[in-house]
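Read through the structure below, which is laid out as structure tokens, and then see the notes.
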């Protein structure tokens with residue numbers, strides 16, 4: 001990048017204007033979406049947003065080359081950021097408001113905001129088992145995806161040669177079938193009269209697996225193991241790909257060099273490959289843990305009444321019990337815990353490596 | 001040399017994208033809608049596998065009505081949650097007729113979401129079975145016309161159980177640990193358990209009367225006796241052998257029994273819950289004439305028999321038994337099936353729930369939801 | 001290349017075997033799905049293998065509810081992918097081409113929808129719609145899909161064009177091209193493969209989306225919703241057939257895209 005471009009990185013006045021306008025527009029979008037303003041005030045806000053866009057364009061013309069250059073990125077970002085503000089941030093606000101509301105009667109359709117903290121109490125006490133279970137299952141599934149995914153990524157990165165992309169494609173392709181159908185297929189595979197259970201029976205391993213709590217009374221389906229297995233399977237590519245990306249960057253000559261210096265293969269692996277793969281493992285862990293914790297499809301198709309996860313509960317409260325306030329409280333708690341994890345991660349690793 | 005960012009580029013980038021992307025959804029919203037009907041169309045949203053394969057076409061031809069039939073009604077509470085946002089605001093939904101279970105129909109009527117049926121245009125309404133007339137929530141039979149009635153009892157896979165079953169207690173037999181299924185339909189599951197405890201469910205009006213049954217089911221769940229609480233999806237595990245026994249609905253199980261002879265249905269000796277799904281005309285629909293024609297068509301014993309021969313539930317229409325015999329073959333055999341045409345002794349064993357107040361119903365539903373683990 | 005001891009070679013083979021098992025594990029359900037699409041089930045559920053038949057493939061669209069749900073999903077995916085690709089690519093362009101204040105915050109903001117659980121995204125958006133009195137249907141589903149697709153497209157495209165040499169544009173302008181021409185003739189064709197790849201992936205995401213759609217569809221039935229609802233009562237082999245068709249279509253598109261993209265890249269940059 002040349003000198004003029006580098007100048008643009010300093011916070012110049014046009015930049016501040018651009019950033020300011022973008023933030024103001026985002027907040028305006030949230031305000032309109034979340035209903036902070038109604039009726040005439042809403043029209044005023046919308047008008048102000050329009051005016052600021054127009055003003056910005058005018059400034060761009062009137063100002064010089066530098067102004068336009070500084071304002072360009074904000075112009076590019078505006079539409080997308082506005083969309084996200086309106087349909088990602090505003091809903092979060094709605095959710096918070098709903099979580100503190102209460103319904104007057106069972107079929108009261110418009111819960112009113114009453115600072116009902118009791119919803120959180122309900123969410124945290126009545127549904128505590130589901131919360132703990134969800135994080136537990138997601139954690140186990142994450143570990144399993146590392147155990148299965150790392151060798152896969154390793155082999156593709158180090159031994160793939162010219163077939164790397166094909167192999168990667170093979171890993172990703174199965175996940176172009178419908179999520180539900182894949183999970184249903186596991187229901188068939190793990191059924192009591194299915195091939196897997198018969199195979200285990202014929203090997204006489206049923207007792208062993210039962211003592212490990214994997215099988216339950218001869219069943220593999222409708223057990224926690226089945227749910228965790230489903231989670232592991234469905235989120236595997238989210239672990240394989242980031243690990244692969246990290247491993248791919250490793251220069252294989254480093255390992256050769258280590259071994260030339262009389263290191264054993266396993267030590268070379270431990271001291272060189274693993275630490276360099278850590279960013280990938282971290283990224284993958286978050287990409288697996290977070291959606292797994294909120295999942296309800298696997299628990300629904302592969303689980304039993306004692307394996308329900310928080311996602312099932314939120315879905316049930318929201319779509320069947322019509323208990324929007326408690327459902328929103330539960331969502332908020334889930335989101336809160338996970339956001340903390342994401343922030344810790346970003347602090348630790350930086351977002352550049354996520355993609 | 002800095003990149004010259006001229007007006008065109010700036011405008012093009014911001015403007016084009018913004019306008020294009022933001023206006024498309026609005027444009028295409030028009031695509032999604034379809035018109036209300038104009039009086040001669042009918043949209044009946046029913047439960048799955050609840051009609052034979054010919055009636056829809058035959059009716060459309062005979063009456064000239066534009067008839068749309070779907071089976072997207074999978075669960076009473078789920079459907080209620082879907083339509084509440086619209087009906088509560090006074091807007092109309094796409095369906096003209098739906099067939100909720102009796103307690104949900106009662107709720108619709110009480111919330112004012114059902115219209116009075118054009119009774120004078122449905123002469124065949126006289127064929128309604130007497131025991132279904134005059135429900136407490138619709139004494140004058142103005143709002144609902146039953147679609148099918150049935151019994152909830154015990155369905156079992158004889159290959160898995162190794163023996164015949166006869167009592168509600170069989171569901172709690174430790175030999176079947178982890179292979180028992182129960183329905184998410186609270187009234188059917190709890191009804192059976194309450195009858196197993198010797199209670200009369202038509203007399204139950206408060207949660208305290210029923211709490212013993214709830215505790216029993218909760219204990220069974222915690223002991224791992226119950227494998228799953230299902231809606232319609234109990235049929236697959238039952239057939240596959242994942243369930244040894246479960247609470248099920250008579251017609252479904254009889255249909256399944258045709259494909260898999262190991263699957264049987266019994267009304268337990270303590271009794272079975274009888275229920276019915278009933279057609280209501282949803283508020284906001286303007287197709288009264290078509291609705292009347294359809295209901296009249298369904299209550300002609302000939303057509304009702306054809307439907308019954310396929311779904312194998314108890315028809316609410318009088319005279320179906322004779323029509324079935326006339327159809328001959330498999331259908332005639334159904335005429336003798338006590339699950340479709342129960343004799344007096346069987347009828348005496350059937351009980352049905354009374355009305356529950358909104359408050360008590362909430363307690364029942366909450367307790368049940370806590371058990372089903374959701 | 002260092003010589004490996006026998007132990008190391010066995011170790012290598014073990015790792016290869018584990019990876020191979022992993023690949024088999026990944027493909028197992030897919031094999032089941034494809035194989036059972038050729039099954040002729042006796043009952044309503046496609047569980048036991050009864051007999052080979054090509055009937056299902058001859059009549060894949062006999063389940064009308066399933067087919068119309070697929071059509072609904074395709075329409076939604078086309079519209080939302082189009083919009084999201086434009087919006088997301090603009091963001092990616094802004095983030096990679098320019099250094100500006102707030103870019104770190106934008107990076108973080110973009111990642112949030114991707115790392116939030118779908119239950120939260122879906123239920124909060126549904127709450128917004130409920131509060132504002134918006135009826136659920138096509139519009140709400142498309143809005144929801146665009147929302148998560150923007151993030152996905154932005155992050156993916158940014159990764160793809162990270163190594164891009166922006167001085168190419170300057171070179172063109174030094175040779176007399178206007179900035180607009182430089183962009184459309186030089187930059188755009190080179191970043192297009194990345195954009196198309198992201199679009200394709202987010203198209204697949206939209207067709208398959210279940211959880212967010214479940215909360216925001218109201219009475220609308222998309223392909224995954226139909227499978228979810230209908231699978232309780234029957235699982236016709238047509239589901240397997242349609243799923244296999246979608247799979248083959250997606251894979252072919254990706255392969256075609258990569259091949260064409262590589263060829264184009266080679267033509268334009270001469271490598």
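Chains as they are written, first to last, in the numbering used here: chain A, 1 to 355; chain B, 1 to 374; chain C, 1 to 271.
C-beta: ideal position from N, C-alpha, C; glycine also.
Keep in mind the model is a prediction, meaning the values are calculated, not measured.
Hey, would you say the C-beta of residue 184 (chain B) is under 8 Å away from at least one heavy atom of the ligand SAH?
The ligand content of the structure shown is nil, which means the ligand SAH is not present either.
Whole angstroms are fine: how far does the CA of residue 108 (chain B) sit from the CA of residue 181 (chain B)?
The alpha-carbon atoms of residue 181 (chain B) and residue 108 (chain B) are separated by roughly 29 Å.
Which of the three DSSP states, helix, strand or coil, is assigned to residue 32 (chain B)?
With a pLDDT of 42 at residue 32 (chain B), under the threshold of 50, the modelled position of this residue cannot be trusted, and the question is left open.
For residue 111 (chain A), which three-state DSSP category applies?
Residue 111 (chain A) falls in the coil class under three-state DSSP.
9 Å is my cut-off, CB to CB: does residue 9 (chain B) come that close to chain A?
Because residue 9 (chain B) sits at a pLDDT of 49, beneath the cut-off of 50, its placement in the model cannot be relied upon, and the following sentence gives the value as read from the coordinates. Chain A, which has a Cβ nearer than 9 Å to the Cβ of residue 9 (chain B), makes this yes.
How would you call residue 133 (chain C), buried or exposed, if buried means at least 16 neighbouring beta carbons within 10 angstroms?
Answer is exposed; the Cβ neighbour count stays below 16.
Taking only the alpha-carbon atoms, compute the straight-line gap between residue 26 (chain B) and residue 165 (chain C) and give it to the nearest angstrom.
Caution applies to residue 26 (chain B), whose pLDDT of 45 falls short of 50 and renders its modelled position unreliable; the value that the coordinates give is listed next. Distance between the alpha carbons of residue 26 (chain B) and residue 165 (chain C) is about 38 Å.
Answer yes or no: do residue 319 (chain B) and residue 127 (chain B) have a C-beta to C-beta separation smaller than 9 Å?
Yes, these two residues count as a Cβ contact at 9 Å.
With DSSP collapsed to three states, give me the class of residue 249 (chain A).
Correct three-state label for residue 249 (chain A): coil.
I need the boundaries of the alpha helix (DSSP H) containing residue 113 (chain B), first residue and last residue.
Segment: none, residue 113 (chain B) is in no alpha helix (DSSP H) and carries neither H nor E.
Since residue 118 (chain C) and residue 35 (chain C) should fall inside the 8 Å C-beta cutoff, what is the C-beta to C-beta distance between them, to a whole number of angstroms?
In fact, because the Cβ distance is near 30 Å, the residues do not count as touching under 8 Å.
With 9 Å set as the bound, which would you pick, yes or no: does the beta-carbon of residue 233 (chain B) sit closer than that to a beta-carbon of chain C?
Answer yes: the Cβ-Cβ gap between residue 233 (chain B) and chain C drops below 9 Å somewhere.
Step through the CB atoms of chain B and report whether any lies within less than 9 Å of the CB of residue 298 (chain A).
Output row for residue 298 (chain A): interface = no.
What residue range is occupied by the uninterrupted beta strand (DSSP E) comprising residue 146 (chain B)?
Its beta strand (DSSP E) spans residues 144-157.
Nearest to residue 84 (chain A) by CA position, among C:48, C:26, C:42, C:147, is which residue?
The residue with the shortest Cα to Cα distance from residue 84 (chain A) is C:147.
Can you tell me the Cα-Cα spacing of residue 231 (chain C) and residue 221 (chain C), whole angstroms?
Whole-angstrom Cα-Cα distance: 14 Å.
For residue 267 (chain C), go through chain B and note every residue whose CB falls closer than 9 Å to its CB, in chain order.
Within chain B, no residue comes near residue 267 (chain C); the closest Cβ sits about 25 Å away, beyond 9 Å.
Can you list, in chain order, the residues of the segment 324-345 of chain A whose Cβ is nearer than 7 Å to any Cβ on chain C?
Residues 324, 327, 328, 331, 334, 335, 338, 342.
Quick one: which chain C residues come within Cβ less than 8 Å of residue 98 (chain B)?
Ordered by position in chain C, no residue passes the 8 Å Cβ test against residue 98 (chain B), which lies about 11 Å from the chain.
Which residue from B:40, B:357, B:68, B:44 puts its Cα closest to that of residue 204 (chain B)?
Ranking the options by Cα distance to residue 204 (chain B), first place goes to B:357.
Taking residue 99 (chain A) and residue 336 (chain A) to be in contact with their CB atoms under 8 Å, please state how far apart those CB atoms are, rounded to whole angstroms.
Going by Cβ atoms, the distance from residue 99 (chain A) to residue 336 (chain A) rounds to 11 Å, so no, they are not a contact pair.
Hey, is residue 56 (chain C)'s beta-carbon within less than 9 Å of any beta-carbon in chain A?
It does not; no Cβ of chain A falls within 9 Å.
Return yes when the Cβ of residue 236 (chain A) is within less than 9 Å of the Cβ of residue 171 (chain A), no when it is not.
In this structure, residue 236 (chain A) lies closer than 9 Å to residue 171 (chain A) by Cβ.
Under 8 Å: do the segment 139-155 of chain A and the segment 220-231 of chain A share three or more Cβ pairs, one atom per stretch?
Yes, they touch.
Kindly list, in the order they appear in chain C, the residues whose Cβ is closer than 9 Å to that of residue 49 (chain B).
Per Cβ cutoff of 9 Å: 44, 233, 234.
In chain D, which residues lie with their C-beta within 8 Å of the C-beta of residue 115 (chain C)?
The structure shown contains no chain D; its protein chains are A, B and C.
If you measure between the beta carbons of residue 190 (chain B) and residue 364 (chain B), is that distance less than 9 Å?
Result yes, Cβ atoms of residue 190 (chain B) and residue 364 (chain B) sit closer than 9 Å.
In terms of DSSP beta bridges, what is residue 317 (chain B) paired with?
B:128, per the DSSP bridge assignment.
What's the gap between the Cα of residue 163 (chain A) and the Cα of residue 283 (chain A)?
Straight-line Cα distance between these residues: approximately 25 Å.
What residues in the segment 64-84 of chain B have a beta carbon less than 7 Å from any beta carbon of chain A?
Under the 7 Å Cβ criterion, the segment 64-84 of chain B contributes 77, 78, 81, 84.
With a cut-off of 8 Å, do at least 3 Cβ pairs link the segment 346-360 of chain B to the segment 266-275 of chain B?
Taking 8 Å as the limit for Cβ pairs, the verdict is that the segment 266-275 of chain B does touch the segment 346-360 of chain B.
Is there a C-beta anywhere in chain C that falls below 9 Å from the one on residue 32 (chain B)?
The predicted position of residue 32 (chain B) is uncertain, since its pLDDT is 42 and thus under 50; a value taken from the coordinates is nonetheless stated next. Output row for residue 32 (chain B): interface = yes.
Spatial neighbours of residue 61 (chain C) within its chain, please: CB distance less than 6 Å, with the 5 preceding and 5 following residues excluded, ordered by chain position.
67, listed in sequence order.
With which residues is residue 336 (chain A) paired in a DSSP beta bridge?
In DSSP, residue 336 (chain A) forms no bridge with anything.
Taking Cβ-Cβ distances shorter than 9 Å, what residues in chain A pair up with residue 375 (chain B)?
Examination of residue 375 (chain B) is not possible in this model, given that chain B is present from 1 through 374 alone.
Since residue 160 (chain C) is in the alpha helix (DSSP H), which residue starts that stretch and which ends it?
Run containing residue 160 (chain C): 138-160, per the alpha helix (DSSP H) assignment.
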